[in-house]
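Counting from 1, position 122 in the sequence shown corresponds to residue 125 in the numbering used here; the numbering is continuous, with no gaps.
One structure is given below, encoded as structure tokens.
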Amino acid sequence: MKNSTKRVLVVLFAVFCIAPLAFAQAPAAAPAAAPATTAAVPPPPAPKPILDADLAGTPVPSADAHAKGDPDGSLTGNASDVTMSDPKKGLTIGDLANQVGQNKIAVNFVWTLITGYLVMFMQLGFALLETGLARAKNANHTMMMNMGVYGIGMFAYWLIGFAIQMGGVGAVANLGGTAPLSAEFTATIFGKPFGLFGQHGLFLMHKGTYDVGVMVLFLFQMVFMDTGATIPTGAAVERWKFSAFIVTSFLFAAFTYPLYANWAWGGGWLANLGANFGLGKGYCDFAGSGVVHAVGGLSALAIAMILGPRIGKFSREGRPQVILAHDIVLVITGCLILAFGWFGFNPGSTLGASSNGNLRIGSIAVNTMLASASGMISAMLYMWFMYKKPDASMTGNGFLAGLVAITAPSGFVNPVGAVIIGLVAGVLVCLSVAFVERVLQVDDPVGAVSVHGTCGIWGVISVGLFADGKSNYGGAWNGVNGSVTGLFYGDASQLVAQLVGVATLVGFVFTLSFIFAFVVDLLVGQRTSAKSELEGLDLPEMGALAYPEFELKS
């Protein structure tokens with residue numbers, strides 16, 4: 004019976020992996036040439052310009068009509084609602100053009116803000132997921148870290164992080180220009196300008212950055228930063244001193260995250276690998292597999308290494324021991340909330356819903372869903388095959404792994420590519436969790452290093468493989484004409500650019516995070532006492548139990 008079950012699982016897994024390839028769309032045949040014609044075509048009539056005088060008699064509903072109500076909406080929204088620059092002159096062509104432009108930017112503002120609110124809601128998902136995977140005696144402490152990182156990270160990012168990241172990004176057309184963000188500090192290397200950090204935007208007041216477009220961009224970028232900042236709390240749960248958490252989170256939001264985000268999204272040197280060295284369209288990370296998730300995951304690895312494992316996690320022989328989660332209901336609820344928030348994370352990264360290729364938001368959302376489903380299924384089947392049970396927590400991690408991996412390529416790949424990326428991520432996260440525990444001997448209670456670090460790196464690489472060249476965001480990306488195209492669709496140089504980004508993540512981000520964690524350990528002390536850890540951090544660190552009416556076991 005066991006052998007037959009194993010055979011069924013193998014067949015299911017094989018079918019699930021191969022099926023997307025079978026249905027990949029073949030290139031469409033070229034249309035037949037139109038037959039030549041000898042008939043003379045009369046010239047089109049000369050266009051007649053529309054003048055301001057033509058608008059003078061534009062009919063609008065009367066006040067009496069409005070007074071009777073408008074139940075079907077046919078009276079509301081007409082020429083009288085267009086703002087006139089000079090009421091004495093009446094409605095002009097210029098007024099109409101300005102209204103159209105403002106409407107476009109307003110649509111993009113609303114889209115970006117609402118998707119930013121969805122990303123902020125992900126904080127609740129992280130809080131429930133991490134708290135559920137911890138033991139009950141640490142629930143208050145874990146929830147406080149997830150709430151605290153939001154305020155601490157935002158404050159540091161407002162003070163300095165945003166200026167470092169986006170202070171030199173230049174005009175963001177979808178948001179009306181963001182003209183004040185115009186100063187990037189650069190160094191000349193190999194005869195090329197290397198952008199290193201932005202210089203405008205301190206306190207959102209410096210150099211004219213008290214600007215409506217800048218404010219929208221700040222909110223959206225801030226919640227992305229906060230997502231990255233909360234990842235280390237999962238890897239450090241159950242033994243991280245709260246004071247050390249505050250200092251470390253401040254450093255992450257002020258320096259670690261903004262530096263790499265500037266290089267990728269703020270006009271820095273990674274984004275310009277295409278313009279400067281002909282490497283595809285430069286480093287491409289549509290919504291942050293690298294910028295957000297890998298940066299957070301590698302920071303989590305550095306902190307967990309400095310902290311060391313929880314008491315009892317490894318036997319004297321070095322074998323990892325299971326420490327059970329206290330509430331799997333919280334874990335799965337957190338996963339589902341995160342998946343919902345991801346509809347803000349990925350589609351929102353267009354920074355608009357109007358023009359410049361932004362109608363791909365539907366494709367991006369579908370890619371996001373498909374990758375999450377395939378990641379969940381492949382992780383579930385892998386655990387079922389290897390350990391005889393479809394482990395709930397690892398299935399949830401596979402679900403998130405697919406989401407993390409599709410984040411960078413979501414705007415550049417087709418649905419088949421999205422499914423394959425998710426499939427690989429689901430198995431990869433299972434392998435990575437085992438590697439981190441058994442080989443690196445690092446205690447990561449929630450699998451944050453593997454979900455966000457390992458699968459974030461896979462997402463970055465997958466852009467260089469699966470980008471199909473069909474996206475068109477204003478005809479260029481990172482200042483290079485054309486669409487992002489990966490190795491499987493004819494551009495090997497894009498993969499090189501992605502690998503440079505990965506090397507920077509591992510070489511720079513991990514090293515800087517380790518240095519920060521080490522210095523904080525020297526000055527503040529990263530880890531709580533053994534007594535506090537055994538008792539649970541709720542009382543020693545927070546002064547109150549999350550579940551005061553329960554009898555908790557140490």
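Glycine residues also receive a C-beta, built at the ideal position from the N, C-alpha and C atoms.
Own chain partners of E538 with C-beta closer than 6 Å, once the 5 adjacent residues on each side are dropped: Within the same chain, no residue comes within 6 Å of E538 by CB-CB distance, once the 5 residues on both sides are set aside.
Beta-carbon proximity of G171 to Q202, cut-off 8 Å: Yes, these two residues count as a Cβ contact at 8 Å.
Cβ pair G414, I464 closer than 8 Å: Using a Cβ distance threshold of 8 Å, G414 and I464 do not count as a contacting pair.
Minimum C-alpha distance to Q139 - residue among D330, M150 and V250: Looking at the sequence shown, residue 139 is not Gln but Ala. Answer by Cα proximity: D330.
Under the three-state DSSP convention, the category K392 falls into: In the structure shown, K392 sits in coil (DSSP, three-state: anything other than H, G, I, E or B).
Nearest candidate by alpha-carbon position, reference V416, set G462, P543 and D55: Closest in alpha carbon position to V416, among G462, P543 and D55, is G462.
Nearest-angstrom Cα separation, counted from L121 out to G344: Distance between the alpha carbons of G344 and L121 is about 5 Å.
Whether G135 touches G337 by CB criterion (8 Å): Yes, the pair counts as a contact, with Cβ atoms nearer than the cut-off.
Collapsed DSSP secondary structure at G539 in the structure displayed: Of the three classes helix, strand and coil, the one that applies to G539 here is coil, per DSSP.
Three-state secondary structure (DSSP) of R322: Reduced to three states, the DSSP call for R322 is coil.
Runs of alpha helix (DSSP H) lying entirely within the segment 338 to 405, each at least 4 residues, in chain order: Within the segment 338 to 405, the complete alpha helix (DSSP H) runs of at least 4 residues are 364 to 390.
Beta-carbon gap between N349 and A257 smaller than 8 Å: Against a cut-off of 8 Å, the Cβ pair of A257 and N349 comes out as no contact.
Alpha carbon of I1 to alpha carbon of G405, nearest angstrom: Shown here, the chain extends from 4 to 557; a query on residue 1 therefore has no answer.
Span separating the alpha-carbon of N475 from that of N484: Each residue's alpha carbon lies about 10 Å from the other.
Pair within 8 Å by beta-carbon distance, Y213 and L207: Cβ atoms of Y213 and L207: closer than 8 Å.
CB contact flag (V512, T95, <8 Å): No, Cβ-Cβ distance for V512 and T95 is not below 8 Å.
Proximity winner among E241, V219 and P261, relative to A232 (alpha-carbon distances): Comparing Cα positions, the closest option is P261.
Short Cβ contact (8 Å threshold) for G300 with G456: Yes, these two residues count as a Cβ contact at 8 Å.
G201 in three-state terms, based on DSSP: Reduced to three states, the DSSP call for G201 is strand.
Residue closest to H296, alpha-carbon to alpha-carbon, out of F129, V422, S381 and M545: The candidate whose alpha carbon is nearest that of H296 is F129.
The segment 311 to 326 contacting the segment 379 to 391, beta-carbon criterion three pairs below 8 Å: Contact between the segment 311 to 326 and the segment 379 to 391 is absent, because fewer than three Cβ pairs lie under 8 Å.
Cβ-Cβ distance between A342 and A374 below 8 Å: No.
Rounded separation between V215 and R242 - CA only: In a straight line, the C-alpha of V215 is about 42 Å away from that of R242.
Start-to-end residues for the alpha helix (DSSP H) that takes in A278: For A278, the uninterrupted alpha helix (DSSP H) segment begins and ends at L276 to F280.
E554, DSSP secondary structure in three states: E554: coil per DSSP, three-state reduction.
P551 to L542 span [Cα, whole Å]: One C-alpha to the other measures close to 10 Å.
Those residues which DSSP pairs with A106 across a bridge: Looking at the sequence shown, residue 106 is not Ala but Asn. Paired residues: none, contrary to the question.
Assigned exposure category for K244 - 16 Cβ within 10 Å defines buried: Taking all protein chains in view, the Cβ of K244 is crowded by 16 or more other Cβ atoms within 10 Å, so the residue is classified as buried.
Sheet register partners of N484 (DSSP bridge): A479, per the DSSP bridge assignment.
I163, enclosing beta strand (DSSP E) - first and last residue: For I163, there is no enclosing beta strand (DSSP E), as DSSP marks it with neither H nor E.
Cβ-based burial, P52 [other Cβ within 10 Å; buried from 16]: Answer is exposed; the Cβ neighbour count stays below 16.
Same chain, Cβ closer than 6 Å to G567, neighbours up to 5 away in sequence not counted: The shown model of the chain, from 4 to 557, leaves out residue 567, and the question about it has no answer.
Whole-Å CB distance - G311 paired with S252, under 8 Å assumed: Contact doesn't hold; Cβ gap of about 20 Å is too wide.
Simplified DSSP state of R441, which is helix, strand or coil: Helix at R441.
For S453 and S302, believed in contact at Cβ under 8 Å, the rounded distance: Actually they do not touch by this definition, with Cβ atoms about 14 Å apart.
Per-residue DSSP class, three states only, for G231: Three-state result, G231: helix.
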